[in-house]
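Peer 1:
Residue numbers (my numbering): 1394 to 1597.
1) Would you call the CB atoms of residue 1470 and residue 1480 closer than 9 Å?
2) Would the stretch 1554-1567 and the stretch 1490-1510 be scored as touching if the rule is three or more Cβ pairs under 8 Å?
3) Going straight from the alpha carbon of residue 1445 to that of residue 1502, what length do you get?
4) From the DSSP output, in three-state form, read off residue 1434 for me.
5) Would you grab the beta carbon distance between residue 1573 and residue 1554 for me? Rounded to a whole angstrom, and I think it's under 8 Å.
6) State buried or exposed for residue 1483, treating a residue as buried only when at least 16 other CB atoms are found within 10 Å of its CB.
7) Rounded to the nearest angstrom, how far is the Cβ of residue 1505 from that of residue 1436, given a contact under 8 Å?
8) Quick check: the Cα distance between residue 1591 and residue 1478, rounded to an integer number of angstroms?
9) With a 10 Å radius around its C-beta and 16 neighbouring C-beta atoms as the bar for buried, classify residue 1429 as buried or exposed.
10) Taking residue 1403 as part of the alpha helix (DSSP H), name the residues at either end of that continuous run.
11) Is the beta carbon of residue 1584 less than 9 Å from the beta carbon of residue 1547?
12) Report back the beta-carbon spacing between residue 1517 and residue 1545 to the nearest angstrom; my notes put them in contact at under 8 Å.
13) Out of 1433, 1512, 1498, point me to the one whose CA is closest to residue 1579's CA.
14) Does DSSP classify residue 1526 as helix, strand or coil?
15) For residue 1463, count the other beta carbons within 10 Å of its own beta carbon; 16 or more makes it buried, fewer makes it exposed. Which is it?
Put into structure tokens, the structure is as follows:
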């Protein structure tokens, strides 16, 4: 039954194409946000069960695995591999690291929940940009985004890697560490972007 998750994402794409006709980039962002919310909800339920609910564990695994495969295929089919190569790399590493849900369910489920919480403002800011919100509101949200990502993705996940890094299987910790470094590089890029945007706004 859980294999049906592999059909959910393309079904959403088809329904949007023929019925709602939401612009592709906004719809893709919406699906990514839905995936993050789903991961946080499932991880929370799994953590509250003291990591003993096998059905929720499997649901979380297939929910995420199906999304990463779907989104990677979308990038490949649309010919955006060159432009989105870092995202494809991220998805590939995420697929490998998902095995951590069964190798060290406690550390992985908590970390995964925190990582997806850290993504929330990314989707909100992206939607505001594509929906043409006023520049001041976008800049304010970008500032919150940078603070939010720093706390959850860099500080909290950094602590998790420090605590569990020496005890978790290498097949999990290596891809997770690479994803962590990619997150730092992405955060640094966003900081520079916001700095230049604020500088440009001040000069005007």
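We treat Cβ as the ideally placed atom computed from N, Cα and C, and that holds for glycine.
Peer 2: So, to answer that:
1) Numbered from its first residue, the chain shown carries residue 1470 at position 77. Numbered from its first residue, the chain shown carries residue 1480 at position 87. Contact: no.
2) Touching, yes.
3) Translated into positions along the chain shown, residue 1445 becomes position 52. Translated into positions along the chain shown, residue 1502 becomes position 109. Distance between the alpha carbons of residue 1445 and residue 1502: 12 Å.
4) Stepping through the chain shown from its first residue, residue 1434 is reached at position 41. Looking at residue 1434 - three-state DSSP - the assignment turns out to be helix.
5) Position 180 of the chain shown, counting from 1, holds the residue named residue 1573. Position 161 of the chain shown, counting from 1, holds the residue named residue 1554. Contact between residue 1573 and residue 1554 holds, since their C-beta atoms are separated by about 6 Å, short of 8 Å.
6) Numbered from 1 along the chain shown, position 90 holds the residue referred to as residue 1483. Counting Cβ neighbours within 10 Å, residue 1483 comes out buried, since at least 16 surround it.
7) Taking the first residue of the chain shown as position 1, residue 1505 is located at position 112. Taking the first residue of the chain shown as position 1, residue 1436 is located at position 43. The Cβ separation is near 6 Å, so the contact holds.
8) In the chain shown, counting from the first residue as 1, residue 1591 sits at position 198. In the chain shown, counting from the first residue as 1, residue 1478 sits at position 85. Straight-line Cα distance between these residues: approximately 28 Å.
9) Start at 1 with the first residue of the chain shown, and residue 1429 comes out as number 36. Counting Cβ neighbours within 10 Å, residue 1429 comes out buried, since at least 16 surround it.
10) For this step, residue 1403 is matched to residue 10 along the chain shown. Its alpha helix (DSSP H) spans residues 1398-1408.
11) In the chain shown, residue 1584 corresponds to position 191, counting from 1. In the chain shown, residue 1547 corresponds to position 154, counting from 1. No; because the gap between Cβ atoms is not below 9 Å, this pair is not in contact.
12) As a first step, residue 1517 is located in the chain shown; it is residue number 124 there, counting from the start. As a first step, residue 1545 is located in the chain shown; it is residue number 152 there, counting from the start. The distance from the Cβ of residue 1517 to that of residue 1545 is about 14 Å, inconsistent with a contact at the 8 Å cut-off.
13) By one-based count along the chain shown, residue 1579 stands at place 186. Ranking the options by Cα distance to residue 1579, first place goes to 1512.
14) For the purposes of this step, residue 1526 is identified with residue 133 of the chain shown, where counting begins at 1. The answer is coil: DSSP assigns residue 1526 none of H, G, I, E or B.
15) Numbered from 1 along the chain shown, position 70 holds the residue referred to as residue 1463. Label assigned to residue 1463: buried.
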